[in-house]
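Some notes on the structure that comes next.
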Amino acid sequence: MATTRTDQLAGFIALLKAEGRRAVLALDCGTGTDGLVFVRGGIHFTGVDASEENIHAALARGLSASVATGRALPFADAAFAAVWAVDALAGLPPGERDDVVRELRRVAEPGAPIAVVLPEPGLAPEDPGLGPGFAVLRSPA
């Protein structure tokens, strides 16, 4: 069973390719390390992070990235084929997590996969083969 972040990312990229999805929004993208992996995998990457310093680093790597938080994403409804929000829910109180998940669903295309690591056990089943706490939710169709 895949348990490392590298394995989770590789599994998610494989899922996107299998579904013919060519673009992803990454919430809390940091300096763009995962973004480079998406781009190398042939997936168009757009990242957001609350830290201007992180965004400057991601931009320096040639990635598309902007300053934003998960509670107020500057994108149209259904703008992304997939969402990678692996560390975005950690440390948030339950009410804020709900707000972020609603916003992620808003910007995801109908049926789009939304990858998250759940901060508390038991919030949703793990995705087989992708490791404990890692789940791929789906935007409503």
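The sequence shown begins at -18 in this note's numbering and counts up one residue at a time.
Think of the CB as a built atom: it goes at the ideal place given N, C-alpha and C, for glycine as much as any other residue.
Bridge-paired residues (DSSP) for residue i
i, result
"Ser32", "None, per the DSSP bridge assignment."
"Leu6", "Thr27, Val64"
"Val97", "Ala66, Ala116"
"Ala89", "Phe61"
"Ala38", "DSSP, once it has assigned bridges, lists no residue as partnering Ala38."
"Ala46", "Gly28"
Spatial neighbours of residue i in its chain, beta-carbon cut-off 6 Å, leaving aside the 5 residues before and after
i, result
"Trp65", "Val5, Ala7, Ala96"
"Val48", "Glu33, Ile36"
Whether residue i touches residue j by CB criterion (9 Å)
i, j, result
"Arg119", "Val81", "no"
"Ala93", "Arg2", "yes"
"Ala46", "Gly23", "no"
"Ala122", "Pro75", "no"
"Val117", "Phe19", "no"
"Leu54", "Glu77", "no"
Limits of the unbroken alpha helix (DSSP H) element including residue i
i, result
"Leu130", "Absent from the model: residue 130. The displayed extent of the chain is -18 to 122, so no value can be given."
"Ala(-5)", "-14 to -1"
"Thr50", "Here Thr50 belongs to no alpha helix (DSSP H), and DSSP marks it neither H nor E."
"Gly147", "Since the first and last residues shown for the chain are -18 and 122, residue 147 lies out of range."
Boundaries (first-last residue) of the beta strand (DSSP E) holding residue i
i, result
"Ala116", "115 to 119"
8 Å contact criterion, which residue i and residue j should meet: CB distance rounded
i, j, result
"Phe61", "Ala89", "6 Å"
"Asp9", "Ala69", "4 Å"
"Gly72", "Ala39", "Incorrect: roughly 21 Å between the Cβ atoms, too far for contact."
"Ala31", "Thr50", "5 Å"
Same chain, Cβ closer than 8 Å to residue i, five either side skipped, listed in chain order
i, result
"Gly16", "Ala7, Cys10, Phe26, Gly28, Ala39, Arg42, Leu44, Ala46"
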